[in-house]
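Trainee:
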Amino acid sequence: MNNIFAIGSITIKELYRRKDFYVLFVLSALITLMAGSAHFFHDDKIVRYLKELCLLLIWIAALVIAITTAARQLPAEREQRTIFPLLAKPVSRAQVLLGKFLGCWLAVGLALVMFYAFLGVVSASREHAWPLEYYIQALWLQWMMLAVVIALALLGSIVFAAPSSNGTICLVTVVGILLLGGHLHEVALERPEPMQSFLSTLYFLIPHLEWFDVRDLVVHESGLVAWWAVGAASVYAMVYAGFLLFAAWVLFRRKALN
Amino acid sequence: MPAPGYILVLLLTVIFTLATWLQPLAVAWTKGRAQSNNLLAVTLGDARRLFANHFFIKADVYFHSGYYPSIFDQGRTNQLHIAEQAGQGPGAHQGKTPEEEEKEEDFLGPPRDWIDKFGRNFYLTEHTHLSGGHEDEMLPWLKIAAELDPQKVEVYTVASYWLRGKLNRPDAARDFLREGLRANPNSYEILLELGRVYAENYHDPDRARNLWQLAERKLKAHERATGEVDIINERQILLYRAQLEEAQGNYQAAADAIERLCLVLPGTHAVEREELEKRRAELLQKANSSPATPAKP
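Those protein sequences? They're chains A and B, same order as listed. Once you know that position 223 of the first sequence is 222 in numbering that gives the first Met the number 0, the rest is easy, because the numbers rise by one and skip nothing. Once you know that position 8 of the second sequence is 7 in numbering that gives the first Met the number 0, the rest is easy, because the numbers rise by one and skip nothing.
Printed below as a string of structure tokens:
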């Protein structure tokens, strides 16, 4: 376990040494503040459009950070040939994989805390309220979803040759699931066989990341998600991330490193 | 390389000289080309109109606090709910039966599988409308839609309905409608709505009358030019006009407005026409019994 945490801590340090997070945070903050400086019909209490924009930027930034950070972990170790001394510690390949996952996940979690703190301050400056439970639920669910995304990117980094191709494929897949995942069954029912069976199978197989997107509830404050549902979704995300990590380990343990 | 500093200064001087020479020429080149001081118009060009409808729909999504059918959900109406509430278009909300409304509102239907059932914990599944002064949350999207497509007339009228009717901000409604009128000088819809602002919020019947008269003229001109009859707006203009004239004691003018309305109503509106004829007869009776009042055209 110590080995896993040691590898994880290096990944966290990497995040705050690199510029990605700062650039995305500053960019998100600038866009949000610029949008916030606009006054529509001289009404300074309008806040929902600002929350929506800020949350959209948070989602984009978090996805980019998670995928780019996770996708480059193993290729960078191999390219710099630091994977060999690491495995000679001795550290098993499973520990390397778990350490990388844990590091990326915690690092992204820290970034999310920063982003949501900013969102809270911006919206409180207008609506003079702190709907903390909404933010906590949204942050937690997004973090759980990112566990699946990071595990997917780690698996991709073993399958695909370059981090850029892996990152692009992961991003397209995740965005596709977020936009269409929940409607795949509806689409399937309107298709003829064998496409119907194929799409229906796909619907039940893909990770349902759209569950974790509760931005509308936060923006409109239209009711919290039941805590049991949050718990069940978290278990689903953990099991799915575990499955992807296990698949990554199966491929990684047989992979030639040079 | 000898003295790179001098070369830099030389290049800078050349750049400066060229700029002073080219600047007047550049102004001459762009002369005659349409110039816009709107950043969106400059960056997006006419493509911005494509996005205007998206933001108009976004306002409707906000009106329903996010409970809104996606492109995959069936049973979607063609008319936006915010526009229906504002009395725009043929599918006015009050014209539907409760069953129809309920069916339309429950576009989700029963869950199709356990994934769908569980997923419904994470989004709003109840039909609600913005209320209690929160209606202003829709306004940014309407403003953006108007910025993107200033010729989208319904954006102005819908925004005005919410501003003057629900948020009690007739000044903002009037200013926005005037902005819309500048972009669409022949819009009888905007004139009709502007007349309502003056009649209902400012209680200025003379100005309202003038605006509705102008709206009627613009509408007739539009009908002549296009050959299309806009019965919904014509009906509204004439009914408001009749209402205003009656309230002012100009019974003859009110009866004339109703007569004009009866002439344009299609054959399918027989019941309404009959009621209007009765109303007209009452007004004429009042006009004959009351001292002569100058009938306004």
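Even glycine gets a Cβ: it sits at the ideal position worked out from N, Cα and C.
#1: Applying the criterion that 16 or more other CB atoms from any shown protein chain within 10 Å of the CB defines a buried residue, is Pro89(A) buried or exposed?
#2: For His380(B), tell me which candidate among Phe106(B), Ile236(B) and Ala18(B) has the shortest Cα-Cα distance.
#3: In chain order, what residues of the segment 35-65 of chain B put their CB closer than 7 angstroms to some CB of chain A?
#4: Taking the alpha-carbon positions, what's the Ala69(A) to Gly166(A) distance?
#5: Within 8 angstroms (strictly less), CB to CB, does Asp43(A) reach chain B?
#6: Taking only beta-carbon atoms, is Trp161(B) less than 8 angstroms away from chain A?
#7: Checking contacts by CB at 8 angstroms: is Thr19(B) closer than that to chain A?
#8: From Ile231(B) to Pro265(B), what distance separates their C-alpha atoms?
#9: What residues from chain B crowd round Phe203(A), counting only those whose CB sits closer than 9 angstroms?
#10: Can you check whether the C-beta of Ala19(A) is within less than 8 angstroms of a C-beta belonging to chain B?
#11: Using only CA atoms, which one of Gly108(B), His128(B) and Leu129(B) lies nearest to Arg119(B)?
#12: Distance cutoff 8 angstroms, beta carbons only. Does Val213(A) sit that close to anything in chain B?
#13: So that I know if they touch, is there some Cβ in chain A lying closer than 8 angstroms to that of Pro139(B)?
#14: So if DSSP puts Asp42(A) in a beta bridge, which residue, or which two residues, is it bridged to?
#15: If contact means a Cβ-Cβ distance below 8 angstroms, which residues of the segment 28-53 of chain A contact chain B?
#16: What is the rounded straight-line gap between the Cα of Arg125(A) and the Cα of Leu118(A)?
#17: How many Å lie between Ile6(A) and Ala161(A) at the Cα?
#18: If you follow the alpha helix (DSSP H) that Leu204(A) is in, where does it begin and where does it stop?
#19: Below 8 angstroms on the Cβ atoms is my guess for Cys136(A) versus Val213(A); work out the distance and round it to an integer in Å.
#20: Tell me where the alpha helix (DSSP H) around Leu14(A) begins and ends.
#21: In or out: Gly164(B) buried (at least 16 other Cβ within 10 Å) or exposed?
#22: Going by DSSP in three states, Ile70(B) sits in which element: helix, strand or coil?
#23: Please report the Cβ distance between Leu145(A) and Val171(A), rounded to the nearest whole angstrom; I am assuming they are in contact, meaning their Cβ atoms lie under 8 angstroms.
#24: For Tyr239(A), does the count of other Cβ atoms within 10 angstroms reach 16, so buried, or fall short, so exposed?
#25: Rank Glu153(B), Ser289(B) and Glu273(B) by C-alpha distance to the C-alpha of Gln251(B) and give the top, closest one.
#26: Whole angstroms is fine: what's the gap from Ala182(B)'s alpha carbon to Val152(B)'s?
#27: Just tell me which of Gly132(B), Arg279(B) and Leu21(B) has its CA closest to the CA of Ala253(B).
#28: Between Leu180(B) and chain A, is there a C-beta pair that is closer than 8 angstroms?
#29: Please list the residues of the segment 53-82 of chain A that have a C-beta atom closer than 8 angstroms to any C-beta atom in chain B, keeping them in chain order.
#30: Any contact between the segment 225-244 of chain B and the segment 256-276 of chain B? By contact I mean 3 or more CB pairs, one from each, below 8 angstroms.
#31: Report the rounded CA-to-CA distance for Ile236(B) versus Pro184(B), giving the unit in angstroms.
#32: Return yes when the Cβ of Ala150(A) is within less than 8 angstroms of the Cβ of Leu244(A), no when it is not.
#33: Could you pull out every residue in the same chain whose Cβ sits closer than 7 angstroms to the Cβ of Leu111(A), ignoring the five residues on either side in sequence?
#34: How would you list, in chain order, the residues of chain A whose beta-carbon sits under 9 angstroms from the beta-carbon of Asp135(B)?
#35: At the 8 angstroms Cβ level, is Leu282(B) part of the contact set with chain A, yes or no?
#36: Taking buried to mean at least 16 other C-beta atoms within 10 Å of its own C-beta, is Gly194(B) buried or exposed?
Mentor: This is what the structure holds:
#1: exposed
#2: Past the boundaries of the shown model lies residue 380(B); chain B is included only from 0 to 296, so the question cannot be answered.
#3: Tyr61, Ser64 and Gly65
#4: 9 angstroms
#5: By this cut-off, Asp43(A) is not an interface position.
#6: no
#7: no
#8: Each residue's alpha carbon lies about 11 angstroms from the other.
#9: Asp112 and Ile114
#10: One point to set straight first is that residue 19(A) is Asp, not Ala, in the sequence displayed. Output row for Asp19(A): interface = no.
#11: Gly108(B)
#12: yes
#13: Yes, contact with chain A.
#14: Phe39(A)
#15: Ala37, Phe39, Phe40, His41, Asp42, Lys44, Ile45, Val46, Arg47 and Tyr48
#16: Here the alpha carbon of Arg125(A) sits roughly 11 angstroms from the alpha carbon of Leu118(A).
#17: 22 angstroms
#18: For Leu204(A), the enclosing alpha helix (DSSP H) stretches over residues Met194 to Leu204.
#19: Inspection of the sequence shows that residue 136(A) is occupied by Gln rather than by Cys. Confirmed, Cβ separation roughly 6 angstroms.
#20: Asn1 to Arg16
#21: Buried, since its Cβ has 16 or more Cβ neighbours within 10 Å.
#22: coil
#23: Going by Cβ atoms, the distance from Leu145(A) to Val171(A) rounds to 17 angstroms, so no, they are not a contact pair.
#24: Tyr239(A) counts as buried, since no fewer than 16 other beta carbons sit within 10 angstroms of its beta carbon.
#25: Ser289(B)
#26: The alpha-carbon atoms of Ala182(B) and Val152(B) are separated by roughly 9 angstroms.
#27: Closest option to Ala253(B), Cα to Cα, is Arg279(B).
#28: For Leu180(B), the answer is no, since every Cβ of chain A falls outside 8 angstroms of its Cβ.
#29: none
#30: yes
#31: 17 angstroms
#32: yes
#33: Ala61, Leu138, Gln141 and Trp142
#34: Phe39, Phe40, Asp42, Lys44 and Ile45
#35: no
#36: buried
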